[in-house]
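J.:
Numbering (the numbering used here), first residue to last: 27 to 283.
(1) From residue 234 to residue 133, what distance separates their C-alpha atoms?
(2) I'd like the span of the alpha helix (DSSP H) that includes residue 167, first residue to last.
(3) In chain order, what residues of the same chain lie with their CB nearer than 7 Å to the CB of residue 54, ignoring the 5 residues before and after it?
(4) Quick check: the Cα distance between residue 80 and residue 162, rounded to an integer number of angstroms?
(5) Would a C-beta distance cut-off of 9 Å place residue 49 and residue 172 closer than the cut-off?
(6) Taking the continuous alpha helix (DSSP H) assigned at residue 57, which residues delimit it?
(7) Just the Cα atoms here: how many angstroms apart are residue 255 and residue 198?
(8) For residue 244 and residue 192, what's the separation of their Cα atoms in angstroms?
(9) With 16 as the cutoff for other CB atoms within 10 Å, does residue 116 come out buried or exposed?
(10) Put residue 129 into one of helix, strand or coil per three-state DSSP.
(11) Do you know whose CA, among 127, 124 and 156, lies nearest residue 135's CA?
(12) From this set, 120, 128, 121 and 89, which residue's C-alpha is nearest residue 32's C-alpha?
(13) What whole-angstrom Cβ distance do residue 142 and residue 87 have, given they're in contact under 8 Å?
(14) Under 6 Å Cβ to Cβ from residue 66, same chain only, skipping five residues before and after it: list those, please.
(15) Judging by CA-CA distance, which residue of 158, 47, 119 and 264 is the nearest neighbour of residue 216?
(16) Quick check on the DSSP output: the alpha helix (DSSP H) that includes residue 219 runs from which residue to which?
(17) Alpha carbons only, please: which of 123, 242 and 166 is nearest the one belonging to residue 131?
(18) Do residue 248 and residue 189 have their beta-carbon atoms positioned less than 9 Å apart in this structure?
(19) Using the Cβ count rule (16 or more neighbours within 10 Å means buried), how would you classify residue 206?
(20) My output table needs one value for residue 267: the three-state DSSP class, helix, strand or coil.
(21) Return helix, strand or coil for residue 72, following the three-state DSSP convention.
(22) Excluding five sequence neighbours on each side, which residues of the same chain lie with their C-beta closer than 6 Å to the C-beta of residue 274?
(23) Return the CA-CA distance between residue 225 and residue 76, expressed in angstroms with no decimal places.
(24) Does residue 156 come out as helix, strand or coil in the three-state DSSP assignment?
(25) When the Cα atoms are used, what is the spatial distance from residue 150 to residue 259?
(26) Measuring only the C-alpha atoms, how far is residue 185 from residue 170?
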């Protein structure tokens, strides 16, 4: 398999340094550590630029928790400027999965949590491992995910499968609701997902604000929701992406009157 390049991401310095030192003692492992999500992204980008990509990223499930509220996992994204904002562990997994899909990620957790483990898998993680597991177990997981294996504690399997099944059901229901929309209403919904207000949608689609208002009301009614925010959340579950905004000057945050 050759040497394995591992990046440890944890904002608890003592834990990160101890784990990195233990992994570095292995003859086939090269390891680095990062103390935040943005720092991890910079490490990953630098490695790509230098032609020495990381193979596996170990991420603290509670990354950024000490700094305050974290980014929403429902809209898991990482700010492109890699600033020093707070990025939670699962959002980091999703961002890396999107930017560098070849990097396998494993989430390290203080305790078992089927709901969060399912979110991690949905975000693109290949494993969920207890922080207090043995070094041998962790190395087995690292080598396993490089063989495209998925690793979960046996005690979590039933709960994670239940969570994933429920999420799939909700996605299917959301997809059916979105399919009930007309092509024009789907265009309007994509604009709503992109955060466009009524005036911006009207300008983009060459419609009158009154017509856009009618379309938005129809979208809410067909989706069975009462707010733009709820419509966007449902659209996201159904896999509806935002309208492309490149080069557009838009009015954001408009509300349905």
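Quick reminder that beta carbons are idealized off the backbone N, C-alpha and C, glycines included.
T.: According to the structure data:
(1) 48 Å
(2) 161-171
(3) 29 and 30
(4) 20 Å
(5) no
(6) Element bounds for residue 57: not the alpha helix (DSSP H) but the beta strand (DSSP E), 55-60.
(7) 19 Å
(8) 27 Å
(9) buried
(10) coil
(11) 156
(12) 128
(13) 6 Å
(14) 35 and 60
(15) 264
(16) 209-219
(17) 123
(18) no
(19) exposed
(20) coil
(21) helix
(22) Confidence at residue 274 is low in this model, with a pLDDT of 44, below 50, so its placement is unreliable and the value that follows should be read with caution. So no residue of the chain qualifies.
(23) 46 Å
(24) strand
(25) 20 Å
(26) 22 Å
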